[in-house]
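Let me begin by presenting the structure, written as C-alpha cells, before commenting on it.
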Amino acid sequence: MNSIQQNIEQITSQIESAQQKCGRPRESVQLLAVSKTKPVDAILEAAHAGQVAFGENYVQEGADKVAYFNEHHPELELEWHFIGPIQSNKSRHVAENFAWVHTVDRAKIAQRLNDQRPAGMPPLQVLMQVNTSGEASKSGLNENEIFALAELISSLPNLTLRGLMSIPANVSDYASQLSAFKQLAGLKDALAKRFPDEQLDTLSMGMSGDMEAAIEAGSTMVRIGTAIFGARDYSKS
Numbered sequence: 001m002n003s004i005q006q007n008i009e010q011i012t013s014q015i016e017s018a019q020q021k022c023g024r025p026r027e028s029v030q031l032l033a034v035s036k037t038k039p040v041d042a043i044l045e046a047a048h049a050g051q052v053a054f055g056e057n058y059v060q061e062g063a064d065k066v067a068y069f070n071e072h073h074p075e076l077e078l079e080w081h082f083i084g085p086i087q088s089n090k091s092r093h094v095a096e097n098f099a100w101v102h103t104v105d106r107a108k109i110a111q112r113l114n115d116q117r118p119a120g121m122p123p124l125q126v127l128m129q130v131n132t133s134g135e136a137s138k139s140g141l142n143e144n145e146i147f148a149l150a151e152l153i154s155s156l157p158n159l160t161l162r163g164l165m166s167i168p169a170n171v172s173d174y175a176s177q178l179s180a181f182k183q184l185a186g187l188k189d190a191l192a193k194r195f196p197d198e199q200l201d202t203l204s205m206g207m208s209g210d211m212e213a214a215i216e217a218g219s220t221m222v223r224i225g226t227a228i229f230g231a232r233d234y235s236k237s
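Residues 1 to 237 (UniProt numbering) are what the sequence shown spells out, left to right.
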C-alpha cells in the first residue's frame, strides 16, 4: 500500500503527463486534495509531502481542521477550499474559515458570505457551481442563471469571482467527459468576456476518473481525494 506522499507524487505525475499530452504548460493545473472525513494526521502527512491546498465538504469538520492547523501548524500556511453544499445557517463558518468556496449557486448565499466575511481577511475567492448535466439531484446554476449571479458577486466587496466549478454526470467514456468539460470551459470564457475586469482564471473540474479529460478541456484545478488518502470512512461524518 502506497504512502500518502507516494500517492501525491503519482497523481502529480499524471497531471504533468496530461498537461504535456494536450500541450499545456507545466503547473497550469493545481491539485486540490479532498480531505473530507480524513484525520488531521493524514492531512499533515500530505502537507509534509508538499501539498498546500485542501478541500472540505462538511462545514463544521472543515472549520475544526482549519482551527487545528492555524493553532498547531501555522507555519504550513495551508489553503482551505470549501467544496460542499452551503446551507444558509452554516454560511458564517464558511466565510470565517475558508480562503476559497467552489459551490456558490444562489444570490442569498453570495450575499451572506460577503456580509459575514470578517474584517481584515482578504476577499473570499468564489467559484460558481454549474449543473452542466441538468440532473435534478445535483446542485448548481443552469446556463441562464450564471450571468445574473456573476453580476451580484462582482459587486460585493468581500468576494472575488474567480470562475466556475462543476460535478458532471458520472460517465466512463472519454468523449462524453470531454464534451461536458468543454461546455463549462466555454461558459467560463463567455463569463470572462462579459466581466473583463474580474480575475476569471479558474475552472474547478475533474476528479480521479475524469481528470485527463478535464485537463484537456482547460481545468485549472482537479479535486482528488480517495486516490491520495484512500477510501473514506463516512461513519463519523
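Just so it is clear, CB atoms sit at the ideal spot from N, CA and C, and this is done for glycine as well.
Going by DSSP in three states, Pro171 sits in which element: helix, strand or coil?
Here the question's residue 171 lines up with position 171 in the sequence shown. Contrary to the premise, residue 171 reads as Val rather than Pro in this sequence. Correct three-state label for Val171: coil.
Cβ of Leu156 within 7 angstroms of Cβ of Asn97?
In the sequence shown, residue 156 corresponds to position 156, counting from 1. In the sequence shown, residue 97 corresponds to position 97, counting from 1. No, these two residues do not count as a Cβ contact at 7 angstroms.
Restricting to runs no shorter than 4 residues, where is the alpha helix (DSSP H) found entirely within the stretch 98 to 167?
Restricted to the stretch 98 to 167, the alpha helix (DSSP H) segments that are unbroken, complete and at least 4 residues in length are 107 to 116, 146 to 155, listed in chain order.
Report yes or no: do the stretch 140 to 147 and the stretch 116 to 127 share at least 3 C-beta pairs separated by less than 8 angstroms?
no
Compare the C-alpha of Glu9 against each of Ala47, Gly55, Ser154 and name the closest.
As a first step, residue 9 must be located in the sequence shown, where it is residue number 9. When only C-alpha atoms are compared, the closest one is Ala47.
Option in Ala18, Thr37, Ser35, Ala63 with minimal Cα separation from Val29
For the purposes of this step, residue 29 is identified with residue 29 of the sequence shown, where counting begins at 1. Taking only the C-alpha atoms, the option nearest Val29 is Ala18.
Rank Ala119, Pro168, Ile224 by C-alpha distance to the C-alpha of Leu141 and give the top, closest one.
Within the sequence shown, the letter at position 141 stands for residue 141. With distances taken between Cα atoms, Leu141 lies closest to Pro168.
Give the straight-line distance between the Cα atoms of Glu61 and Ala99, rounded to the nearest whole angstrom.
Looking up residue 61 in the sequence shown gives position 61. Looking up residue 99 in the sequence shown gives position 99. Roughly 16 angstroms between the two C-alpha positions.
Quick one: measure Cβ to Cβ for Asp210 and Gln177, integer angstroms, because I've assumed they're closer than 8 angstroms.
Counted from its first residue, the sequence shown places residue 210 at position 210. Counted from its first residue, the sequence shown places residue 177 at position 177. Confirmed, about 4 angstroms.
Closest residue to Ile15 among Val94, Phe195, Ile224 (Cα-Cα distance)
Counting from 1 along the sequence shown, the entry for residue 15 is found at position 15. Selected option, being the one with the closest Cα: Ile224.
For Glu198, which three-state DSSP category applies?
Within the sequence shown, numbered from 1, the residue matching residue 198 stands at position 198. In this structure, Glu198 counts as coil in the three-state DSSP scheme.
Please look up how many angstroms separate the CB atoms of Lys188 and Leu203, rounded, as I've assumed it's under 8 angstroms.
Here residue 188 refers to the residue found at position 188 of the sequence shown. Here residue 203 refers to the residue found at position 203 of the sequence shown. Between Lys188 and Leu203 a beta carbon distance of about 6 angstroms is seen, short of the 8 angstroms cut, so the two are scored as contacting.
Report all residues from its chain with a CB closer than 8 angstroms to the CB of Ser88; omit the five preceding and five following residues, and keep chain order.
The residue labelled residue 88 in the question sits at position 88 within the sequence shown. Non-local C-beta neighbours of Ser88 in its own chain, meaning closer than 8 angstroms and more than five positions away in sequence, comprise Lys108, Ile109, Arg112, ordered along the chain.
Can you give me the Cβ contacts of Leu159 inside the same chain, cut-off strictly under 7 angstroms, excluding the 5 residues immediately before and after it?
As a first step, residue 159 must be located in the sequence shown, where it is residue number 159. Here the set comprises Ala110, Leu113, Asn114, Pro123, Leu124, Val126, Ile153.
Take the Cβ of Ser91 as the centre, count every other Cβ of all protein chains shown within 10 Å, and call the residue buried at 16 or more, exposed below.
On the sequence shown, residue 91 is found 91 positions in, with the first residue counted as 1. Ser91 is buried by the Cβ-count criterion.
Select from Thr12, Thr37, Ala49 the residue whose C-alpha is nearest the C-alpha of Arg26.
To locate residue 26, count along the sequence shown from 1; it is residue 26. Ranking Thr12, Thr37, Ala49 by CA distance to the CA of Arg26 puts Thr12 first.
Helix, strand or coil at His72 [DSSP, three-state]
The count along the sequence shown starts at 1 and reaches residue 72 at position 72. If DSSP states are grouped into helix, strand and coil, His72 belongs with the helices.
Per the DSSP calculation, Ser35 is bridged to which residue(s)?
One-based indexing of the sequence shown puts residue 35 at position 35. Answer is none; Ser35 lacks a bridge partner.
With a CB to CB cut of under 7 angstroms and the five nearest residues on each side skipped, what residues in its chain are close to Lys193?
Here residue 193 refers to the residue found at position 193 when the sequence shown is read from its first residue. Closer than 7 angstroms at the Cβ level, and outside the excluded window around Lys193, lies no residue.
Can you tell me the Cα-Cα spacing of Arg24 and Ala67, whole angstroms?
Locating residue 24 in the sequence shown gives position 24, counting from the first residue. Locating residue 67 in the sequence shown gives position 67, counting from the first residue. Taking the straight line joining both Cα atoms gives about 36 angstroms.
Close beta carbons around Asn2, own chain, < 8 angstroms, minus the five adjacent residues each side:
Translated into positions along the sequence shown, residue 2 becomes position 2. Gln10, listed in sequence order.
Test item: CB-CB of Ser208 and Leu184 under 7 angstroms:
Against the sequence shown, residue 208 aligns to sequence position 208. Against the sequence shown, residue 184 aligns to sequence position 184. No, the pair does not count as a contact, with Cβ atoms beyond the cut-off.
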